[in-house]
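Residue numbers (this note's numbering), protein chains in the order written: chain A, 1245 to 1350; chain B, 1245 to 1350.
We put the beta carbon where it would ideally sit given N, CA and C, even for glycine.
Let me begin by presenting the structure, written as C-alpha cells, before commenting on it.
Protein chains: 2
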Amino acid sequence: MRRDVFQAIADPTRRAIIGLIALQAMTPNAIAEHFDITRQAVSKHLRILTECELVKQEQQGREIYYQLQVNKMKAIDKWLDQFRKIWENRFDQLDHLLSTTKNHKK
Amino acid sequence: MRRDVFQAIADPTRRAIIGLIALQAMTPNAIAEHFDITRQAVSKHLRILTECELVKQEQQGREIYYQLQVNKMKAIDKWLDQFRKIWENRFDQLDHLLSTTKNHKK
DNA sequence: AGTATATGCAACCAATTGGTTTCTCAAATA
DNA sequence: TATTTGAGAAACCAATTGGTTGCATATACT
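And the structure:
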C-alpha cells in the first residue's frame, strides 16, 4: 500500500484531524468526539496518517497520543514551489494564452 | 460528485499532468504520450481536474488545449498556511511534547 | 480479583476510483 | 465525398476506500 502525503490529505476528515492535532496531541477517543464517525474509523485514518509519517504516536499508559509531524507537511509545500514560481512571477492567464497560441502554429 | 483540489492532486498521474501543463497548454493526445495509459484515461483525469477548476479548456479546431489554472493551486497553499506558521515559528517536536504532557496531568 | 476503559485489528460492505474497450461525433484532409 | 483524426461518453471491471460491527488485549480502577 503506497501511502503518500497527497493521498493522506485527500480525505476531508483526515484534513480535519490534521488541523485538530496540529498544536496539541490527542487520543483517538478525543479525536473521534469531534466527528460523526466511530472511534475505529478515526483509528483507521490515524493509521494512514502514521504510515506516511504525517503523525507520530506517543504511548501514555493505556492511552496513545497522536501528534502531527508538521515537518512532513513541508513535502506538500515543496511540491507547490514549482507553481508558486509561476503565480508569483505573474505568469497570468493572458501570458499563457499567448505562449500556447505561438506554439500551435509551428 | 464533490470534487475538491485535494482529491484532485491525490493521484500521482494527475499531479504529473498538472506539472506537464503548468507552463504550456497541451491536448489530451499529447499528454497521453507521456504516460502508459490510454488517451481516454487521461481524458478522465482531465475531466476531474476541470471539475475542480484546476484546469481550463481552450478549443482550437478539433483539438482541445488544457491549461493549468495556476491560481487554483493557491487553495492548497492557503490551507498550508496554518501549518507554515507552526513550522516557521520553530514549534519543534520538543515544544509539542512539553505542551502535551503539561495538559495530560490535569 | 473483577470490571471498566482505551485501543488496535479483522472481517465485512457499499461506494468510489482508475483503468479498459467500444462507440459516437465533429473537424481536418485526401 | 470519403477517410482519417481528436476527443468525449458509456459500459464495464478489479482494486481501493471509508465506513461499520465484533473481537482481543492491555491498562486503570474498585
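C-beta atoms of B/Arg1306 and A/Phe1250 nearer than 8 Å: As a first step, residue 1306 of chain B must be located in the second sequence, where it is residue number 62. As a first step, residue 1250 of chain A must be located in the first sequence, where it is residue number 6. For B/Arg1306 and A/Phe1250, no; Cβs fall outside 8 Å.
Beta-carbon neighbours of A/Leu1293, restricted to chain B and to distances below 7 Å: Working through the first sequence from its first residue, we reach residue 1293 of chain A at position 49. Neighbours of A/Leu1293 on chain B: none; closest Cβ ~14 Å, over 7 Å.
Proximal residues of chain B, C-beta to C-beta of A/Ala1266 below 8 Å: Position 22 of the first sequence holds residue 1266 of chain A. Correct list: Gln1326, Phe1327, Ile1330.
Any non-hydrogen atom of the ligand GDP within 7 Å of A/Val1249 CB: The ligand GDP is absent from the structure shown, which contains no ligand whatsoever.
Members of the stretch 1290-1315 of chain B near chain A, C-beta cut-off 7 Å: Answer in chain order: Gln1304, Tyr1309, Gln1311, Val1314, Asn1315.
A/Gln1311 classed as buried or exposed, judged by whether at least 16 other C-beta atoms fall within 10 angstroms: The sequence position of residue 1311 of chain A within the first sequence is 67, counting from 1. By the 10 Å Cβ count, A/Gln1311 comes out buried.
Backbone CA spacing between B/Asp1255 and B/Ile1292 [nearest angstrom]: Taking the first residue of the second sequence as 1, we reach residue 1255 of chain B at position 11. Taking the first residue of the second sequence as 1, we reach residue 1292 of chain B at position 48. The alpha-carbon atoms of B/Asp1255 and B/Ile1292 are separated by roughly 11 Å.
CB contact flag (A/Thr1282, A/Ala1274, <8 Å): Indexing the first sequence from 1 puts residue 1282 of chain A at position 38. Indexing the first sequence from 1 puts residue 1274 of chain A at position 30. No, the Cβ-Cβ distance between A/Thr1282 and A/Ala1274 is not below 8 Å.
Beta carbon proximity, A/Phe1250 to chain B, threshold 8 Å: As a working note, residue 1250 of chain A is residue 6 in the first sequence. Closer than 8 Å: yes.
Euclidean distance between Cα positions of B/Leu1290 and B/Val1299: One-based indexing of the second sequence puts residue 1290 of chain B at position 46. One-based indexing of the second sequence puts residue 1299 of chain B at position 55. Distance between the alpha carbons of B/Leu1290 and B/Val1299 is about 7 Å.
Collapsed DSSP secondary structure at A/Leu1267 in the structure displayed: Within the first sequence, residue 1267 of chain A is the residue found at index 23, counting from 1. Note: A/Leu1267 maps to coil in three-state DSSP.
A/Gln1251 - containing beta strand (DSSP E), residue span: Your numbering for residue 1251 of chain A matches position 7 in the first sequence. Taken as a continuous stretch (DSSP letters only), A/Gln1251 belongs to no beta strand (DSSP E), being part of the alpha helix (DSSP H) at 1249-1252.
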